[in-house]
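Each residue of the sequence shown is one higher than the one before, counting from 1157 in the numbering used here.
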Amino acid sequence: GEYKGDHARLKNSLNAAMENLQEFVQESVGVMNRLAAFDLTARIEGNYKGGPAQIKDSFNAAMENLGEFVHQVAIAAEQIASAAEQTSSGSQSLSQNSSEQASSVEEVTSSLQELSSMVAQNADSVKEGKSVADTANSSIRKGIEYMNQLTDAVDKIKTSSEKTSKIIKTIDEIAFQTNLLALNAAVEAARAGEAGKGFAVVAEEVRNLAMRSAEAAKETASLIEESNSSVGYCADTNQKVTEIFDEITKNVDKLTQMMNEIAAASEEQKQGVEQINTAMDQINQAVQQNAANAEESASSAEELASQAEELRSMIANFKLSENGNGKQQVSPAVAATKYTKHTIEIQPGKKAVEVESGDGNGDKPKSELKPQEIIPFEDDDMETLRDF
């Protein structure tokens, strides 16, 4: 309808708020679907205000940290695989040289120096890998914290929707009372006879307006209910992401434990080399022990390589950008969004308006109902809506 002054400003403010919320919910559903498909490049890109803007910033920051974390885990897996390959190669070389060291102390000394260098290199690689794992674990903790903040923000949206529902209920009650007053006025006009005909026409128009207001209030309540459904879906998706975070945390803890075991094994190898260097008269026994240690190291390296390959396979499930942190633009969302068409009668004699609303499974609608076409609010209602 056409309004002036405070009514017009109130109408425009409400329409802008509803459009902002509707766009945010639609985009969030698509982003959450991509995230559910392990697409870590998903971002909320729209320009929003208030609560939606805070959710957008928190969500995008969480995704940045998650993408960086997965990227760092991938790097750690490559480093572990490389260290395992080096350890296996060195152990095989040591085992081959052990048979020759029995006949030559000089060859034994040279081989021991080579082994000492390899053990030191392996220890350095383990320390670096452990540092990366600790950093990744810290990033996961932050990611979980951000997801908890997202949950709080979704709860606030739900609370705001409940407040809006109360406002719609109040409007519906006012329309009902207005309808009763119009009926009473029509009765009084009928009693007045000829003098009340003009007033009867006015009463009938007031009654029609009250009926249209009630119908618009019902349609608006239906849209709010659909919005609440989308918010619930967002909360469920957020819970699933949090569970994935917890699983990743467990895997990182296992990786850290493996690092500690490798570090302990490297320390034992270092002590063995020192004992061999200080006890040349027991060279034969030392060579045999060395060969046994080499076989054990090769076995450990194979196990470590297997674990690293398993970790890389897990990381391959995630979709990352080229730099690993999810900042690059990617193809459209994995899951599209379906929409249902509704028809709302605005005023007698005017064309019905068709509105398409989303349920989280199809493309964005080609046309949308402008909230200002539904119903205006009074000045007192605006104070409540500012809580959004």
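No residue lacks a Cβ here, since even glycine has one placed at the ideal position from N, Cα and C.
Three-state secondary structure assigned by DSSP to residue i
| i | result |
| --- | --- |
| E1175 | helix |
| K1205 | coil |
| K1160 | coil |
| I1200 | coil |
| L1166 | helix |
| K1497 | Confidence is the limiting factor: at K1497 the pLDDT is only 35, short of 50, which leaves the residue's position unreliable and the question unanswerable from this model. |
| G1514 | Here G1514 scores only 40 on pLDDT, less than 50, and its place in the model should not be relied on; the value that follows carries that caveat. Three-state DSSP puts G1514 in a strand. |
Residue from the options with nearest C-alpha to residue i
| i | options | result |
| --- | --- | --- |
| S1273 | N1335, S1214, Q1425 | Q1425 |
| F1332 | A1237, A1419, E1371, L1467 | E1371 |
| V1387 | E1403, T1307, Q1431, E1451 | T1307 |
| I1236 | G1202, S1287, A1192 | S1287 |
| V1429 | E1270, A1419, Y1389 | E1270 |
| E1201 | A1192, N1221, L1222, E1179 | E1179 |
| Q1248 | G1207, A1233, N1335, S1267 | S1267 |
| I1300 | T1326, F1225, A1239, N1416 | F1225 |
| N1449 | M1470, S1422, F1474, A1472 | S1422 |
| M1470 | M1174, V1229, G1161, A1373 | V1229 |
| T1320 | A1373, A1192, E1403 | A1373 |
| A1239 | K1406, L1222, V1282, T1334 | V1282 |
| A1193 | I1400, H1163, N1335, E1381 | I1400 |
| A1217 | S1456, L1476, H1163, K1298 | K1298 |
| K1322 | I1380, K1410, A1419, L1222 | I1380 |
| G1206 | A1309, L1222, N1335 | A1309 |
| M1367 | Y1389, M1219, L1336, A1356 | L1336 |
| T1412 | N1364, N1168, H1227, E1284 | E1284 |
| G1223 | N1304, V1408, T1197, S1369 | T1197 |
| I1418 | N1384, S1456, A1447, E1403 | S1456 |
| D1328 | E1465, S1369, S1295 | S1369 |
Bridge-paired residues (DSSP) for residue i
| i | result |
| --- | --- |
| D1195 | K1475 |
Exposure label - residue i; buried when at least 16 CB within 10 Å
| i | result |
| --- | --- |
| T1434 | exposed |
| R1165 | exposed |
| V1181 | buried |
| A1172 | exposed |
| N1176 | buried |
| D1311 | exposed |
| Y1302 | buried |
| A1454 | buried |
| D1392 | exposed |
| D1195 | buried |
| K1127 | As shown, the chain starts at 1157 and ends at 1544. That puts residue 1127 outside it, with no answer to give. |
| A1472 | exposed |
| L1170 | buried |
| N1416 | exposed |
| G1161 | exposed |
| K1410 | exposed |
| G1482 | Its pLDDT being 45, under 50, G1482 is placed unreliably by the model, and the measurement read from it follows with that caveat. So G1482 counts as buried. |
| Y1159 | exposed |
Does the segment 1335–1344 come close enough to the segment 1281–1296 that 3 or more CB-CB pairs lie under 8 Å? No: the two stretches stay apart, fewer than three of their Cβ pairs being nearer than 8 Å.
Taking one C-beta from the segment 1273–1283 and one from the segment 1311–1320 each time, how about it: are there three or more such pairs within less than 8 Å? The segment 1273–1283 is not in contact with the segment 1311–1320.
Segment contact, 8 Å Cβ cut-off, at least three pairs: the segment 1442–1451 with the segment 1195–1213: Not touching, per the Cβ criterion.
Would you call the segment 1455–1464 and the segment 1239–1250 in contact, with 3 or more CB pairs under 8 Å? By the Cβ rule, the segment 1455–1464 counts as touching the segment 1239–1250, because three or more pairs are nearer than 8 Å.
Validate contact between the segment 1358–1365 and the segment 1396–1407 using beta carbons, cut 8 Å, 3 pairs: Verdict: no, contact absent.
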